[in-house]
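Scroll down for the structure; my scribbles are underneath it.
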Amino acid sequence: MDDYRLNRNGKLELINGTKDGFDRLFNWNSTEFIKLNKEFIKNLRQDTEYDSYLKEYKPVATTITFENSSVSVKQIKNYFYFLAANTEKEWGFNHLTKNGWFSDSSVTIINSNHQDGSVGMSAVFKYLQSGYNLLGSGHSHPFLIYDHPENKHLLKARYDEMAYPSGFQKGGAVDFNQTTGDRSSYENLLNKYGGQIKANPWIYIGNPDNRPHFIYYDTTSFRRK
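Going letter by letter, the sequence shown gives residues 134 to 358 in our numbering.
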């Protein structure tokens, strides 16, 4: 199959054609890679636009949709972790079915709009509108953007700012003055789709040290793990 590179902005590019029985996705400096099932590239859609300042094409939307897939949800989540930990952008992960975890009608979606402060759910809405239930939902808070020699002094401050869901205060209280972000998005989802939302959301922080990597939250509180 083929080798691909994942750039820091989330753009995927082919770097080498191979005769291996699988694809590989390397991170931006080729220090890590993950093996990919052939469905990953087959199901990938990445839209780009030309940046006249940088004089290159940059990604603006990426969606990888595994519908009724032979790839396990666990493996798809590993793809999500790799994308989140090796880019400067937020990524989303959502798993939906029509009849529980072992349904034949299932879809798992990884997506990004290549922002460092938000990720959309537009790819998920059409399935909710078709009667699917949301069994798992999470997104990443990007850490790689500050894992750079020129930004080392920002690491601790950045972690403190990203280590809780937007819509809460650092101490855990709800910030009712913030009407957008993680908490309000989840609240809006519950208000619109109610019983179809079967699990509370989580946030993944792809940092390499031993700080908490996950944040679990609902509309009133959050906890780190």
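All C-beta atoms, glycine included, are put in the ideal place defined by N, C-alpha and C.
As the structure is a computational prediction, the values presented were derived from the model and not from experiment.
Exercise for the section: May I have the straight-line CA-CA distance separating Glu269 from Thr220, to the nearest angstrom? Expected result: A quick correction: the sequence has Gly, not Glu, at residue 269. Rounded to the nearest angstrom, the two C-alpha atoms are 22 Å apart.
Exercise for the section: Would you mind working out which of Val204, Gly225, Asp180 and Glu200 sits nearest Lys171, comparing C-alpha positions? Expected result: Val204
Exercise for the section: Go to Arg357, then tell me how far its alpha helix (DSSP H) extends in each direction, as first and last residue. Expected result: Segment Phe355 to Arg357 is the beta strand (DSSP E) holding Arg357; no alpha helix (DSSP H) there.
Handout entry: According to DSSP, residues forming a beta bridge with Arg178
Key = Thr196
Handout entry: Glu165, enclosing beta strand (DSSP E) - first and last residue
Key = Glu165 -> no beta strand (DSSP E), and no H or E assigned at all.
Practice task
Please name the residue in Gln262, Ser245, Ser239 and Arg316 whose C-alpha comes closest to that of Tyr214.
Solution key: Ser245
Practice task
Look at Asn227 and Leu267 and say whether their C-beta atoms are less than 8 Å apart.
Solution key: yes
Handout entry: Lys191 - DSSP class collapsed to helix/strand/coil
Key = strand
Handout entry: Collapsed DSSP secondary structure at Tyr212 in the structure displayed
Key = helix
Practice task
Within 10 angstroms of the Cβ of Tyr297, are there 16 or more other Cβ atoms? Answer buried if so, exposed if not.
Solution key: buried
Problem - Distance cut-off 7 Å: Asn266 Cβ against heavy atoms of the ligand SAH - result: Looking at this structure, you won't find the ligand SAH or any other ligand, since it has none at all.
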